[in-house]
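**Student:** So the sequence shown is residues 7 to 190, counted in the working numbering.
Below is one structure. I have some questions about it.
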Amino acid sequence: MSAGEILVGVAGGVAAYKTADLVSRLAKKDYAISVVMTASAKNFIGRATFEALSTRPVYDDLFAPREHFLGEHIGLARRADVFVIAPATANVIGKIAHGIADDLLTTLAMAATCPVLLAPAMNVEMWSKPAVQRNIEQLKADGYHILAPGEGWLSCRVSGPGRMAEPADIEPAVIAALHGPQND
7 MSAGEILVGV AGGVAAYKTA DLVSRLAKKD YAISVVMTAS AKNFIGRATF
57 EALSTRPVYD DLFAPREHFL GEHIGLARRA DVFVIAPATA NVIGKIAHGI
107 ADDLLTTLAM AATCPVLLAP AMNVEMWSKP AVQRNIEQLK ADGYHILAPG
157 EGWLSCRVSG PGRMAEPADI EPAVIAALHG PQND
């Protein structure tokens, strides 16, 4: 598999554990991966997990550059060939849809010129809200790629739509965004 630079954004939702599997799958194919976490994401999964899987530092602070002294939102965005946000919570979706860039993840979404894929994950009632659906439509109109959530058992103990797409389904979408559709 040819190399590519993948930026993975992790928002604060229980589905963040699935993102570790996604990063592992992509790392096995020798992609270079940088992970950005929101403050809320760190309540669900630790940075050490992503650092071990990506063999790179995790980025989480807009105002403490670790590598890019023009700002992580500039350096990481310029370096990325594709940016996937998984899970993309209702909060992150709403911020990006309305141009709000108040943390590293949302600022990167505004600065990125590469394809940006969002894998929504949230409670069934949240997913069904008109505001969330309007935000999804706005993101599509703005050129973002939405990886539709599945239906199934959710952590809130109900079954329905809002379950983040499985890493095995997100992986080929990321690869297609990098290289075009693959014929296996």
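Even glycine gets a Cβ: it sits at the ideal position worked out from N, Cα and C.
In this text, all values refer to a predicted model and were calculated from it rather than measured experimentally.
Residue 145 and residue 182 look like a contact to me (Cβ under 8 Å); what is the Cβ gap, rounded to whole Å?
**Tutor:** Position 139 of the sequence shown, counting from 1, holds the residue named residue 145. Position 176 of the sequence shown, counting from 1, holds the residue named residue 182. At roughly 18 Å, the Cβ-Cβ gap does not stay under 8 Å, so residue 145 and residue 182 are not in contact.
**Student:** Taking residue 56 as the reference, which of 173, 39, 45 has the closest Cα?
**Tutor:** If you number the sequence shown from 1, residue 56 lands on position 50. The candidate whose alpha carbon is nearest that of residue 56 is 39.
**Student:** Roughly how many angstroms separate the alpha carbons of residue 84 and residue 111, rounded to a whole number?
**Tutor:** As a first step, residue 84 is located in the sequence shown; it is residue number 78 there, counting from the start. As a first step, residue 111 is located in the sequence shown; it is residue number 105 there, counting from the start. In a straight line, the C-alpha of residue 84 is about 14 Å away from that of residue 111.
**Student:** How far does the beta strand (DSSP E) with residue 130 in it extend, from its first residue to its last?
**Tutor:** Within the sequence shown, the letter at position 124 stands for residue 130. No beta strand (DSSP E) contains residue 130, which is instead part of the alpha helix (DSSP H) from 130-134.
**Student:** Quick check: the Cα distance between residue 12 and residue 122, rounded to an integer number of angstroms?
**Tutor:** As a first step, residue 12 is located in the sequence shown; it is residue number 6 there, counting from the start. As a first step, residue 122 is located in the sequence shown; it is residue number 116 there, counting from the start. Answer to the nearest angstrom: the Cα atoms are 10 Å apart.
**Student:** Quick check on residue 151: does DSSP put it in helix, strand or coil?
**Tutor:** The residue you call residue 151 lines up with position 145 of the sequence shown. The answer is strand: DSSP assigns residue 151 an E or B state.
**Student:** When you compare the CB positions of residue 66 and residue 42, do they come within less than 8 Å of one another, or not?
**Tutor:** Start at 1 with the first residue of the sequence shown, and residue 66 comes out as number 60. Start at 1 with the first residue of the sequence shown, and residue 42 comes out as number 36. Result yes, Cβ atoms of residue 66 and residue 42 sit closer than 8 Å.
**Student:** Run through the DSSP bridge pairs and tell me what residue 11 is partnered with.
**Tutor:** Numbered from its first residue, the sequence shown carries residue 11 at position 5. Beta-bridge pairing links residue 11 to 38.
**Student:** Taking all protein chains shown into account, do 16 or more other C-beta atoms lie within 10 angstroms of the C-beta of residue 109, making it buried, or fewer, making it exposed?
**Tutor:** Here residue 109 is taken as the residue at index 103 of the sequence shown, counted from 1. Counting Cβ neighbours within 10 Å, residue 109 comes out buried, since at least 16 surround it.
**Student:** According to DSSP, which residues form a beta bridge with residue 169?
**Tutor:** Looking up residue 169 in the sequence shown gives position 163. According to DSSP, which records beta bridges pairwise, residue 169 is partnered with 156.
**Student:** If you draw a straight line from the alpha carbon of residue 147 to that of residue 16, how long is it in whole angstroms?
**Tutor:** For this step, residue 147 is matched to residue 141 along the sequence shown. For this step, residue 16 is matched to residue 10 along the sequence shown. Approximately 23 Å, taken between the alpha carbons.
**Student:** Out of 179, 165, 81, state which residue places its alpha-carbon closest to the alpha-carbon of residue 153.
**Tutor:** By one-based count along the sequence shown, residue 153 stands at place 147. It is 179 whose Cα lies nearest to the Cα of residue 153.
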